[in-house]
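One structure is given here, and the rest of the page talks about it.
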Amino acid sequence: AQTVTQSQPEMSVQEAETVTLSCTYDTSESDYYLFWYKQPPSRQMILVIRQEAYKQQNATENRFSVNFQKAAKSFSLKISDSQLGDAAMYFCAYRRAGGGADGLTFGKGTHLIIQP
Amino acid sequence: DVKVTQSSRYLVKRTGEKVFLECVQDMDHENMFWYRQDPGLGLRLIYFSYDVKMKEKGDIPEGYSVSREKKERFSLILESASTNQTSMYLCASSLRADSPTYEQYFGPGTRLTVT
Numbered sequence: 022a023q024t025v026t027q028s029q030p031e032m033s034v035q036e037a038e039t040v041t042l043s044c045t046y047d048t049s050e051s052d053y054y055l056f057w058y059k060q061p062p063s064r065q066m067i068l069v070i071r072q073e074a075y076k077q078q079n080a081t082e083n084r085f086s087v088n089f090q091k092a093a094k095s096f097s098l099k100i101s102d103s104q105l106g107d108a109a110m111y112f113c114a115y116r117r118a119g120g121g122a123d124g125l126t127f128g129k130g131t132h133l134i135i136q137p
Numbered sequence: 831d832v833k834v835t836q837s838s839r840y841l842v843k844r845t846g847e848k849v850f851l852e853c854v855q856d857m858d859h860e861n862m863f864w865y866r867q868d869p870g871l872g873l874r875l876i877y878f879s880y881d882v883k884m885k886e887k888g889d890i891p892e893g894y895s896v897s898r899e900k901k902e903r904f905s906l907i908l909e910s911a912s913t914n915q916t917s918m919y920l921c922a923s924s925l926r927a928d929s930p931t932y933e934q935y936f937g938p939g940t941r942l943t944v945t
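Quick note, the sequences are listed as chains A and B, same order. When the first sequence is numbered by our numbering, its final residue is 137 and no position is left out of the sequence of numbers. When the second sequence is numbered by our numbering, its final residue is 945 and no position is left out of the sequence of numbers.
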């Protein structure tokens with residue numbers, strides 16, 4: 022079974038600084054998807070960024086980027102120029118590729134605090 | 831914009847009651863999911879459905895059942911609620927898994943308290 026590990030229950034960063042959230046995963050599959058989801062306080066979970074395992078290039082979305090190390094099974098999220106609105110729970114998630122429905126396997130989450 | 835709605839944001843039920851949590855999506859998604867979210871445990875998959883009347887067990891199906899009579903609606907049923915089912919329940923939907931833009935869209939969640 023796949024597992025996703027987020028080793029940082031909580032992280033704190035000063036506004037405008039850069040922060041990196043860690044995620045490692047375990048799988049025997051060669052093709053899969055990795056995701057970072059953001060859950061602001063009392064608000065809906067939203068997708069931040071997605072990475073396909075077959076793509077070597079790291080995904081980026083504006084201030085958000087990932088460092089995908091397939092051999093090391095590592096998938097960290099870097100947030101540049103942190104803003105107060107970035108404060109949230111961040112979840113790393115895994116899904117195997119291929120047809121058929123399949124749920125996501127989530128890590129336990131990292132609570133990100135932005136210090137003004 | 832994809833919209834996933836859940837029937838209640840907060841729900842309080844008594845032990846032994848039958849509880850229905852409803853989820854509706856408006857984007858004609860084939861797949862729908864129910865997760866449970868607990869502090870320090872992340873999200874865990876309870877059940878999912880890939881078509882009307884089709885369902886598959888997730889990682890923690892015990893004590894739950896589901897129903898999908900229409901494509902847009904997916905219900906989670908607690909046959910006899912227990913206090914250990916007090917949790918946040920999140921519904922999600924997605925296109926077919928082999929779609930190039932596969933991702934899951936989440937509802938706002940239902941915080942269920944069983945007393």
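For glycine and all other residues, C-beta sits at the position ideal for the given N, C-alpha and C. Computed from a predicted model, the values in this text were never measured in an experiment.
Check, Outcome
"Under 9 Å, CB to CB, which of the residues in the segment 52-69 of chain A have a partner in chain B?", "Y54, F56, Y58, Q60, S63, R64, Q65, M66, I67 and L68"
"Report yes or no: is there a C-beta of chain B within less than 8 Å of the C-beta of C127 (chain A)?", "For the sequence presented, residue 127 (chain A) should be read as Phe rather than Cys. Yes, contact with chain B."
"Does Q855 (chain B) have its Cβ less than 8 Å from a Cβ in chain A?", "no"
"I'd like the list of long-range same chain contacts for F850 (chain B), defined as Cβ closer than 7 Å, with 5 residues on each side in sequence excluded.", "S905 and I907"
"Have a look at V25 (chain A) and G119 (chain A) and give me their C-alpha separation to the nearest angstrom.", "19 Å"
"How far does the beta strand (DSSP E) with T26 (chain A) in it extend, from its first residue to its last?", "T24 to T26"
"Where DSSP assigns a beta bridge to T81 (chain A), which residues make up the other side?", "A:S86"
"Kindly identify the DSSP beta-bridge partner or partners of T131 (chain A).", "A:Y111"
"Within this structure, are the beta carbons of F878 (chain B) and M857 (chain B) separated by less than 8 Å?", "no"
"Taking contact to mean at least 3 C-beta pairs separated by less than 8 Å, is the segment 27-42 of chain A in contact with the segment 98-110 of chain A?", "yes"
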